[in-house]
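Read through the structure below, which is laid out as structure tokens, and then see the notes.
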Amino acid sequence: MNEAKDEMNEFEPNIVAFLCNWCSYAGADLAGTSRMKYPPNVRVIRVMCSGRVNPMFVINALQQGADGVLIAGCHPGDCHYVQGNYYTRRRMAVLKRLLEYIGIEPERVQMAWVSASEGQKFADVIKEITEKVKKVGPQHHFRRRNVWRI
Amino acid sequence: MNPYVPQLASIDQIRDEVAGERPIKTFQLSFQDENPQNTFKFNPGQCVMVSVLGEGECMFAVSSSPTEKGYIEVSVMKLGKVTSVLHQCEPGDILGVRGPYGNGFDVEGWKGKNIVTIGGGIGQPPLRSLIRYILAHRKEYGKLDIIYGARTSHDLSYKQEFFRLEDSDDADVHLSIDAPEEGWTRFVGFVPDNLLEVAPSPKNAIAVTCGPPIMIHYVIQNLLKLGFEEDQIFTTLEMRMKCGIGKCGRCNIGSVYVCKDGPVFSYQQLKNMKGER
Amino acid sequence: MANIDELRRIVKEIVDREDVKYVIGYEKGTYGFRVSPSFAFTPEDVEKFIFSPLCVHNLAVYPHLEEKLPLKRNEKEDTRKIGIIVKGCDSRAVAQIIQEKGLDREDVVLIGVPCTGVIDLKKINARCPHLMYGEVREENGNFIITAEGDTHRIPKEELLCDVCTQCENPNPILYDVLIGEEVESKKEDYQKVKTLEKKSLEEKWKYWEKKFDRCIRCYACRNGCPLCYCEECMVDNLSPQWVRRSVTISENTAWNIMRAYHLAGRCVGCGQCERACPMDIPLMELNKKLEKDVKELFDYQAGTEEEPVLAVFSPDDPEEFVL
Amino acid sequence: MEEMIIRKEKFHDLVERALKEYTVVAPVDNEGVVLFRRIATPSELTLEFSNTKIPAKSILFQQTETLFTFSQRESVTIDVPEDSEKVLLLGIRPCDAQSLAVLDHVFAGELEDPYVKKRENTVLIGLSCLAPEINCFCTSVGGSPFSAEYTDIQLTDIGENYYIEAKTDKGKKVLDGMSDLFRPATEEDTEKKKELEKKALDAMKRRMDTDDIVDRLENMFESSYWRKIALKCLGCAACTYACPTCHCFDMLDESAVARGARVRVWDSCMYPEYTRQASGYNPRPERMNRIRNRVYHKFNYYPKNWDIIACVGCGRCISVCPVNIDIIDVINRTCEAEP
Chain V
1033 MNEAKDEMNE
1043 FEPNIVAFLC
1053 NWCSYAGADL
1063 AGTSRMKYPP
1073 NVRVIRVMCS
1083 GRVNPMFVIN
1093 ALQQGADGVL
1103 IAGCHPGDCH
1113 YVQGNYYTRR
1123 RMAVLKRLLE
1133 YIGIEPERVQ
1143 MAWVSASEGQ
1153 KFADVIKEIT
1163 EKVKKVGPQH
1173 HFRRRNVWRI
Chain C
7 MNPYVPQLAS
17 IDQIRDEVAG
27 ERPIKTFQLS
37 FQDENPQNTF
47 KFNPGQCVMV
57 SVLGEGECMF
67 AVSSSPTEKG
77 YIEVSVMKLG
87 KVTSVLHQCE
97 PGDILGVRGP
107 YGNGFDVEGW
117 KGKNIVTIGG
127 GIGQPPLRSL
137 IRYILAHRKE
147 YGKLDIIYGA
157 RTSHDLSYKQ
167 EFFRLEDSDD
177 ADVHLSIDAP
187 EEGWTRFVGF
197 VPDNLLEVAP
207 SPKNAIAVTC
217 GPPIMIHYVI
227 QNLLKLGFEE
237 DQIFTTLEMR
247 MKCGIGKCGR
257 CNIGSVYVCK
267 DGPVFSYQQL
277 KNMKGER
Chain P
-9 MANIDELRRI
1 VKEIVDREDV
11 KYVIGYEKGT
21 YGFRVSPSFA
31 FTPEDVEKFI
41 FSPLCVHNLA
51 VYPHLEEKLP
61 LKRNEKEDTR
71 KIGIIVKGCD
81 SRAVAQIIQE
91 KGLDREDVVL
101 IGVPCTGVID
111 LKKINARCPH
121 LMYGEVREEN
131 GNFIITAEGD
141 THRIPKEELL
151 CDVCTQCENP
161 NPILYDVLIG
171 EEVESKKEDY
181 QKVKTLEKKS
191 LEEKWKYWEK
201 KFDRCIRCYA
211 CRNGCPLCYC
221 EECMVDNLSP
231 QWVRRSVTIS
241 ENTAWNIMRA
251 YHLAGRCVGC
261 GQCERACPMD
271 IPLMELNKKL
281 EKDVKELFDY
291 QAGTEEEPVL
301 AVFSPDDPEE
311 FVL
Chain Y
-8 MEEMIIRKEK
2 FHDLVERALK
12 EYTVVAPVDN
22 EGVVLFRRIA
32 TPSELTLEFS
42 NTKIPAKSIL
52 FQQTETLFTF
62 SQRESVTIDV
72 PEDSEKVLLL
82 GIRPCDAQSL
92 AVLDHVFAGE
102 LEDPYVKKRE
112 NTVLIGLSCL
122 APEINCFCTS
132 VGGSPFSAEY
142 TDIQLTDIGE
152 NYYIEAKTDK
162 GKKVLDGMSD
172 LFRPATEEDT
182 EKKKELEKKA
192 LDAMKRRMDT
202 DDIVDRLENM
212 FESSYWRKIA
222 LKCLGCAACT
232 YACPTCHCFD
242 MLDESAVARG
252 ARVRVWDSCM
262 YPEYTRQASG
272 YNPRPERMNR
282 IRNRVYHKFN
292 YYPKNWDIIA
302 CVGCGRCISV
312 CPVNIDIIDV
322 INRTCEAEP
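Line order of the protein sequences matches chains V, C, P and Y.
Each residue of the first sequence is one higher than the one before, starting from 1033 at the first, in our numbering.
Each residue of the second sequence is one higher than the one before, starting from 7 at the first, in our numbering.
Each residue of the third sequence is one higher than the one before, starting from -9 at the first, in our numbering.
Each residue of the fourth sequence is one higher than the one before, starting from -8 at the first, in our numbering.
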């Protein structure tokens, strides 16, 4: 997406965040309304539940230029749909290990429980994941090299 | 020159032929780098590959006649990925057009003959091109019978044109719908039955039929019953097409490529064509 | 291995039953050490059936491959059973499909054959190449290969498929009739997966990039796998298009991840995907990694459980990776 | 300078000099799988292989090829990539070279596919087969292990030297300026080559009965033979992607925001989606229809359109098929199958 920035000395990662509508999105909203500072690298995709996040969303995001992917959901037990986040936890546990086995840095795919009242935690999570991905660098292993960029 | 690169064409006009869950729209396209005389020469019944850049390409029969200069018209039923995006386009959008492909109707050879067109559902566009071509050269052709049917009266395309034709004496129009509807005075039933009802005489006549495979099958049977010879019956076949020029190997029926050697075949050719269709 | 005459006698009885459509087994291939799946509709067809260490295919793939065309007006659907000769892993594949409600137990008649390991064709072709005709018999720990006049005696470990050297369930867990005695099972230690896990991220990516770059996306791995029976595979989807059809390292990696991931907790380790791959990509190393993770994380093993692994959860699933 | 000899050690110099003018594509051993790859240095190539896993068609008719790119930012523009790369295809087997001659028929014509331009820009250096594989049957379809009919230069390994025949001007053009590497072939070299040829021909174990195959297939189209053959087929595309004469392709758009490209990729008639129409109707709904179409396309339809059998006897589809559907066996058993 912003290759021009790569040339600049400071690498700015693209983070895609899937925020569950009931908790994490509300937490992010709270962080915003309370004027909390957090890096601007994150692009938010609102999903009705973290269980909606198909692992192929993560793979597709990494293909299309994301350097890090965050899946945030409600704390176990708070899920609006009762067990959505439990399924996500299992799916992402298996996906992260598979990606690591192939050579993708584990810091790139992160999960977080952020409830609607944890605005500060949301900001901290974004800071942490941006730092980690910045340290690890751009994800160019299986990013799509579009033919028409030239 | 790479034969797969389309020419750019802009949409001048979009007409809604049929609404509902299988909508049909007619797109009037004019080429962008249009030099004065219309270089896009085609015969009725030939097809063009219309591409929506970024979505893909589809093969459509040209539904306007070559006598209408400066533009071509294609009628599109919303069914798949590209056609759905096409149905969201507005006048002024740019599309890619390449062609014309296929052999088209032998309008030269049919001069002086009576013509019967039997269309069903989305099979009407190539026949419309033929009909408008004949109307433009009305004297060179004999009697013109138009048999056209669809599921319901809402599914009938080009309704205004047919009603105007019904009043004029250039052609006899026989519309039909599958199930009775109140307010519908014309024939009710399937197109092949409508054909038996109209019973056009096979003398010095050519019958052309397009539509779903099942309809073509029964129409040909009834035409044979009415005494039509095998070389008097013509139809266009429908196969999935990608390249349109007989290279990608997909539209073959036996050793015949429908996009290059077809889509118009006589029943005589069709009969001894081995292969799934 | 089971003896052939007993196998043929039993299969003939099953084919003769009028509630059985046909029985799927193995017959001699057309050259070298090849063996090909075989369909017996009548007892005479059973004459061709064989069973030897060369019978590598997982026949549980066939019930789903049979196309069900729309019936003509007077036709009635032929709901007779299908007989399948199943080794240990094949029977676990059938059990897993039944657990996922992809198949009914009464639709199939399972002829179980305890398996002492099948041969990797690449290894045996390297040892005895360019043969028109080859037979293999097993004799206390060695393979006796009789091919065009000369015979070779080769220890089993040198020719066995990698997955068979540590096979934990060689005996069918699901069968209507069992032919031959049970065999003792071995222990799986996931050695290959562990050595690769210890490597650095850069080395791991180099390793897999070289392999995925070779992939030609022919999908023989998907079509040969009994557990890949989705009506429309995600990779064939056009709207949305998950993976593009162009063959690049990006799409190939996405495809291989998608295929392996969809078999997490479902793959029974028969090795047919690796066998079918024309480009020799070590797909079992991916599947075994997922099998090991699913066992460690959720103590789950394919083919023997009640519910699919990712369709259930437990409150105390590991979550150390969650922030 | 028809028949020449070059010492094996000097062969790398020949490749070195060729690298200056041509993009050299040669067989490269990729962890046991030999494939055609572009090489930068002569040491990468190997000539010790039976045949590449993926045929030489993958160089001229690439598995993924950009037809044109387009941008719809301000105005819609289409830009066709220019391709005038001169390629030297080294180490192509006689059967693959024959397959290019088969593909020429379908891709040429008054609407020329980009393949045709690539074909003109490519020089073929053939490599004779000393030890045919078990599934090779090129002699049954008009080829032979030492045939130099379809290549510009033919190499034959006769022990410490390579026997070089430069037959076409394209081939001669490559070798002029390198005459210091060669010496004329002596009687004894030619003798050795003939003897090796005889040995290779004797090593061919399998034969496909192709006499009047077109008519034999003509009247068995409705036979139940095809249903039996297709029973065990898995419907994957390994056989068609490995086949040097399969030329079917799909055209798709790949785009992001307002820019994109129309890409051509290999496709296979063995996939069900290949002929499925948007209405859901599929003229070839079963594997039986598809496998019958694949066999007929090569042994009946292609001969009817361009009177050449679209099979060169390389045997890749036999060795690559996971369930051992063997084209030789399929064709030979058409003799006794009832129509």
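Glycine residues also receive a C-beta, built at the ideal position from the N, C-alpha and C atoms.
*Based on Cα-Cα distance, which residue from N42/Y, E213/Y, Y106/Y, I300/Y lies nearest to L118/Y?*
Reading the fourth sequence from its first residue, position 127 is the one you call residue 118/Y. Out of N42/Y, E213/Y, Y106/Y, I300/Y, N42/Y has the C-alpha closest to the C-alpha of L118/Y.
*Is DSSP giving D184/C helix, strand or coil here?*
Indexing the second sequence from 1 puts residue 184/C at position 178. It is coil, neither helix nor strand.
*Based on the DSSP output, what are the partners of H142/P in its beta bridges?*
Counted from its first residue, the third sequence places residue 142/P at position 152. H142/P pairs with I135/P.
*Please decide whether V258/P counts as near chain V, where near means a Cβ-Cβ distance under 9 Å.*
Indexing the third sequence from 1 puts residue 258/P at position 268. Judged by the 9 Å Cβ criterion, V258/P is not in contact with chain V.
*Using a Cβ-Cβ cut-off of 9 Å, state whether N1086/V counts as contacting chain Y.*
Numbered from 1 along the first sequence, position 54 holds the residue referred to as residue 1086/V. By this cut-off, N1086/V is not an interface position.
*Quick one: residues in its chain with C-beta nearer than 6 Å to the C-beta of F59/Y, no 5 flanking neighbours on either side, listed in chain order?*
The residue labelled residue 59/Y in the question sits at position 68 within the fourth sequence. Around F59/Y: I69, V71, R253.
*So what does DSSP say about S81/P, is it helix, strand or coil?*
For this step, residue 81/P is matched to residue 91 along the third sequence. Looking at S81/P - three-state DSSP - the assignment turns out to be helix.
*Which word fits D97/P, buried or exposed, when buried means at least 16 other C-beta atoms lie within 10 angstroms of its C-beta?*
Walking along the third sequence from the start, residue 97/P turns up at place 107. The residue is exposed, with fewer than 16 neighbouring Cβ atoms inside 10 Å.
*Which residues in the same chain as D203/P place their Cβ atom closer than 8 Å to its Cβ, once the five residues preceding and following it in sequence are excluded?*
In the third sequence, counting from the first residue as 1, residue 203/P sits at position 213. A distance below 8 Å between beta-carbons, with the five flanking residues on each side excluded, links D203/P to the following residues of its chain, in chain order: I239, N242.
_Proximal residues of chain Y, C-beta to C-beta of C208/P below 7 Å_ = To locate residue 208/P, count along the third sequence from 1; it is residue 218. Here the neighbours are C227, A228, A229, Y232.
*Put P18/Y into one of helix, strand or coil per three-state DSSP.*
Walking along the fourth sequence from the start, residue 18/Y turns up at place 27. In the three-state DSSP reduction, P18/Y falls in the strand class (E or B).
*In this structure, does DSSP put R63/P in helix, strand or coil?*
Walking along the third sequence from the start, residue 63/P turns up at place 73. DSSP places R63/P in the coil class of the three-state scheme, outside both helix and strand.
_In this structure, how does DSSP classify F290/Y when only helix, strand and coil are distinguished?_
Against the fourth sequence, residue 290/Y aligns to sequence position 299. F290/Y falls in the helix class under three-state DSSP.
*Below 8 Å on the Cβ atoms is my guess for P235/Y versus A191/Y; work out the distance and round it to an integer in Å.*
Locating residue 235/Y in the fourth sequence gives position 244, where the first residue counts as 1. Locating residue 191/Y in the fourth sequence gives position 200, where the first residue counts as 1. Contact doesn't hold; Cβ gap of about 19 Å is too wide.
*Measure the alpha-carbon distance for T1162/V versus K282/P and round it to whole angstroms.*
Here residue 1162/V refers to the residue found at position 130 when the first sequence is read from its first residue. Here residue 282/P refers to the residue found at position 292 when the third sequence is read from its first residue. The C-alpha of T1162/V lies about 31 Å from the C-alpha of K282/P.
*Check whether the Cβ of A1112/V lies closer than 9 Å to any Cβ atom in chain P.*
Residue mapping note: residue 1112/V aligns to position 80 of the first sequence, counting from 1. In the sequence under discussion, the amino acid at residue 1112/V is His, which differs from the Ala named in the question. False, the Cβ-Cβ gap to chain P never drops below 9 Å.
*Runs of beta strand (DSSP E) wholly within the stretch 229 to 260 of chain Y (minimum 3 residues, chain order)*: For the stretch 229 to 260 of chain Y, whole beta strand (DSSP E) runs of length 3 or above, ordered along the chain, are 240 to 247, 250 to 257.
_Stretch-stretch touch, CB-based, cutoff 8 Å, three pairs: the stretch 284 to 304 of chain P with the stretch 1106 to 1121 of chain V_ = Touching, yes, given that three or more Cβ pairs across the two stretches are closer than 8 Å.
*Which residues of chain Y have a Cβ atom closer than 8 Å to the Cβ of V1048/V, listed in chain order?*
Counted from its first residue, the first sequence places residue 1048/V at position 16. The premise fails here: V1048/V is roughly 15 Å from chain Y at the closest Cβ pair, so nothing lies under 8 Å.
_Check this for me: beta carbons of N49/C and P12/C, under 9 Å apart or not?_
The count along the second sequence starts at 1 and reaches residue 49/C at position 43. The count along the second sequence starts at 1 and reaches residue 12/C at position 6. Not a contact, by the Cβ cut-off of 9 Å.
*Please compile the residues from chain P whose C-beta is within a distance smaller than 7 Å of the C-beta of I322/Y.*
Position 331 of the fourth sequence, counted from the first residue, corresponds to residue 322/Y. Under the 7 Å cutoff, chain P gives no residues; its nearest Cβ is about 12 Å from I322/Y.
_Any chain C beta carbon closer than 9 Å to M(-8)/Y_ = Along the fourth sequence, one-based indexing puts residue -8/Y at 1. Reliability of the predicted coordinates at M(-8)/Y is poor, the pLDDT of 47 falling under 50, and the value obtained from them is presented with this limitation in mind. Closer than 9 Å to the CB of M(-8)/Y there is not a single CB belonging to chain C.
*Under 6 Å Cβ to Cβ from I100/C, same chain only, skipping five residues before and after it: list those, please.*
Residue numbering aside, residue 100/C sits at position 94 when the second sequence is read from its first letter. Residues of the same chain with a CB within less than 6 Å of the CB of I100/C, apart from the 5 flanking positions on each side, are L14, S16 in chain order.
*Does DSSP classify D1038/V as helix, strand or coil?*
Counted from its first residue, the first sequence places residue 1038/V at position 6. With a pLDDT of only 49 at D1038/V, under 50, the local geometry of the prediction cannot be trusted, and the value read off the model is given with reservation. In this structure, D1038/V counts as helix in the three-state DSSP scheme.
*CB G124/P to CB A116/P, shorter than 9 Å?*
Stepping through the third sequence from its first residue, residue 124/P is reached at position 134. Stepping through the third sequence from its first residue, residue 116/P is reached at position 126. A116/P is positioned such that its CB atom lies no closer than 9 Å to that of G124/P.
*To which residues of the same chain is V24/C closer than 7 Å at the C-beta, ignoring the five residues directly before and after it?*
Residue mapping note: residue 24/C aligns to position 18 of the second sequence, counting from 1. If you ignore the 5 residues before and after V24/C, its C-beta comes within less than 7 Å of the C-beta of I30, H160, D161, S163, all in its own chain and listed in chain order.
*Under 8 Å by Cβ, that's how I've got G51/C and T242/C pegged, so tell me the actual separation to the nearest angstrom.*
Within the second sequence, numbered from 1, the residue matching residue 51/C stands at position 45. Within the second sequence, numbered from 1, the residue matching residue 242/C stands at position 236. That pair is a contact at about 7 Å.
*In terms of alpha-carbon separation, which member of G126/C, H93/C, L85/C, G60/C lies closest to Q63/Y?*
Start at 1 with the first residue of the fourth sequence, and residue 63/Y comes out as number 72. It is G60/C.
_Using beta carbons (cut-off 9 Å, strictly below), is P131/C in contact with chain Y?_
Along the second sequence, one-based indexing puts residue 131/C at 125. Cβ-Cβ to chain Y under 9 Å: no for P131/C.
_Beta-carbon gap between Q1152/V and L313/P smaller than 9 Å_ = What you label residue 1152/V is simply residue 120 of the first sequence in a count that begins at 1. What you label residue 313/P is simply residue 323 of the third sequence in a count that begins at 1. 9 Å or more divides the Cβ of Q1152/V from the Cβ of L313/P.
_Using the three-state DSSP reduction, which class does M(-5)/Y fall into: helix, strand or coil?_
For the purposes of this step, residue -5/Y is taken as the residue at position 4 of the fourth sequence. In this structure, M(-5)/Y counts as strand in the three-state DSSP scheme.
*With 9 Å as the threshold, decide whether the Cβ of N258/C is near any Cβ in chain Y.*
Counted from its first residue, the second sequence places residue 258/C at position 252. Answer yes: the Cβ-Cβ gap between N258/C and chain Y drops below 9 Å somewhere.
*Evaluate Q38/C with the Cβ neighbour count: other Cβ atoms within 10 Å of its Cβ, from every protein chain shown; 16 or more gives buried, anything less gives exposed.*
Residue 38/C sits at position 32 when you count from the first residue of the second sequence. For Q38/C, the number of other beta carbons within 10 angstroms of its own is below 16, and it is reported as exposed.
*By a C-beta neighbour count over all protein chains shown, 10 Å radius and 16 as the cutoff for buried, is T1065/V buried or exposed?*
Within the first sequence, numbered from 1, the residue matching residue 1065/V stands at position 33. Its Cβ having fewer than 16 others within 10 Å, T1065/V is exposed.
_With three or more C-beta pairs closer than 8 Å as the rule, is the stretch 69 to 87 of chain C touching the stretch 114 to 126 of chain C?_
Judged by Cβ distances under 8 Å, the stretch 114 to 126 of chain C makes no contact with the stretch 69 to 87 of chain C, as fewer than three pairs qualify.
*If you run the structure through DSSP and keep just helix, strand and coil, what is V299/P?*
In the third sequence, counting from the first residue as 1, residue 299/P sits at position 309. DSSP places V299/P in helix when its eight states are reduced to three.
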